[in-house]
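K.L.:
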Amino acid sequence: VPPGLQGNPIPFAEGGREHNWLPFEQRRFYTNAFVISDDKLLLGYKKRGFGVDMYNGFGGKVEPGETPAQAAARELKEESGIDAPLEHAGTLLFLAVGSEWAFHIEVYSARSYTGTPTETDEMRPEWFSLSEASVKGVPSPPSESSSSSTNLPPIPYSEMWADDIYWLPYLVRGQKFAGRAD
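FYI, the UniProt record's numbering numbers position 6 of the sequence shown as 6, with every residue one higher than the one before it.
1. Entirely within the segment 81–123 and at least 3 residues each: give me those beta strand (DSSP E) ranges in chain order.
2. Given a cut-off of 8 Å on the beta-carbon distance, is the pair A71 and E63 in contact?
3. In angstroms, rounded to a whole number, what distance separates the CA positions of residue 232 and G81?
4. Rounded to a whole number of angstroms, what is the C-alpha to C-alpha distance between residue 187 and D53?
5. Would a C-beta distance cut-off of 8 Å place residue 250 and L43 closer than the cut-off?
6. Tell me the rounded alpha-carbon separation between D163 and G49.
7. Exposed or buried, which one is E87 when buried takes at least 16 other CB atoms within 10 Å?
8. Could you spell out the range, first to last residue, of the alpha helix (DSSP H) harbouring V172?
9. Quick one: Cα of A89 to Cα of F34, how far?
10. CB P68 to CB F103, shorter than 8 Å?
11. Pick out whichever of G51, E122, E126, W101 has its Cα sitting closest to the Cα of E75.
12. Measure the alpha-carbon distance for S143 versus V97 and round it to whole angstroms.
13. By a C-beta neighbour count over all protein chains shown, 10 Å radius and 16 as the cutoff for buried, is T31 buried or exposed?
14. How long is the line joining the alpha carbons of Q26 and D182, rounded to whole angstroms?
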């Protein structure tokens, strides 16, 4: 297990290697929430701020007095206009050279939601196909409506954080994960 993480992570051969991990003094806590519905994934196109012009889940800082789960639900509502029964999916730790603190991100997912995904000042929600080709060999979940994602674009990994391609398939499969990127 990389320093700073706990639990029983899944052995991960892709992209991982022996590494001299960066030291850090403190963490800042964040959340990231994803909605999977039938055979499609909801991502947000970031319009401003950190991560601008990239696709990601919906999330942000955990505010004082909030649990990560409460922060994830709040951020999902603020950034997409929807509510969802979020479940903890994994933990990610990110460090940057020269930073004294690490991004500690609790990741959540939901298989249902209420409301209509709506563009906000910060994010533009968009659906993407969970076709096998789109999710690195993860078969599409069974769906009552086989045509719902056939016209959707594949997951835009080239417009996402570089590490997403490694852990997002675990999230889609509903398999818990823990990871670190320095």
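By construction, the Cβ of each residue, glycine as well, lies at the ideal position given by its N, Cα and C atoms.
P.N.:
Let me spell this out:
1. 87–94, 101–110
2. Here residue 71 refers to the residue found at position 71 of the sequence shown. Here residue 63 refers to the residue found at position 63 of the sequence shown. Their beta carbons are under 8 Å apart, which means A71 touches E63 by this criterion.
3. No answer is possible for residue 232: it lies beyond the span of the chain, which begins at 1 and ends at 182.
4. Summary: the structure shown does not reach residue 187, with the chain confined to residues 1 through 182, and so no result is reported for it.
5. Residue coverage of the chain in this structure runs from 1 to 182, which leaves residue 250 outside it and unanswerable.
6. For the purposes of this step, residue 163 is taken as residue 163 along the sequence shown, with counting starting at 1. For the purposes of this step, residue 49 is taken as residue 49 along the sequence shown, with counting starting at 1. In a straight line, the C-alpha of D163 is about 20 Å away from that of G49.
7. For the purposes of this step, residue 87 is identified with residue 87 of the sequence shown, where counting begins at 1. Classification for E87: exposed.
8. Mapped onto the sequence shown, residue 172 falls at position 172. Segment 164–173, the alpha helix (DSSP H) holding V172.
9. The residue you call residue 89 lines up with position 89 of the sequence shown. The residue you call residue 34 lines up with position 34 of the sequence shown. Taking the straight line joining both Cα atoms gives about 10 Å.
10. Looking up residue 68 in the sequence shown gives position 68. Looking up residue 103 in the sequence shown gives position 103. No.
11. Start at 1 with the first residue of the sequence shown, and residue 75 comes out as number 75. Per the Cα distances, E122.
12. Residue numbering aside, residue 143 sits at position 143 when the sequence shown is read from its first letter. Residue numbering aside, residue 97 sits at position 97 when the sequence shown is read from its first letter. Reliability fails at S143, whose pLDDT of 43 lies under 50, so the model's placement of it is uncertain and the value that follows must be treated cautiously. Roughly 44 Å between the two C-alpha positions.
13. Position 31 of the sequence shown holds residue 31. Counting C-beta atoms within 10 angstroms of its own C-beta, T31 has 16 or more neighbours from the protein chains shown and is therefore classed as buried.
14. In the sequence shown, the residue the question calls residue 26 occupies position 26. In the sequence shown, the residue the question calls residue 182 occupies position 182. Taking the straight line joining both Cα atoms gives about 15 Å.
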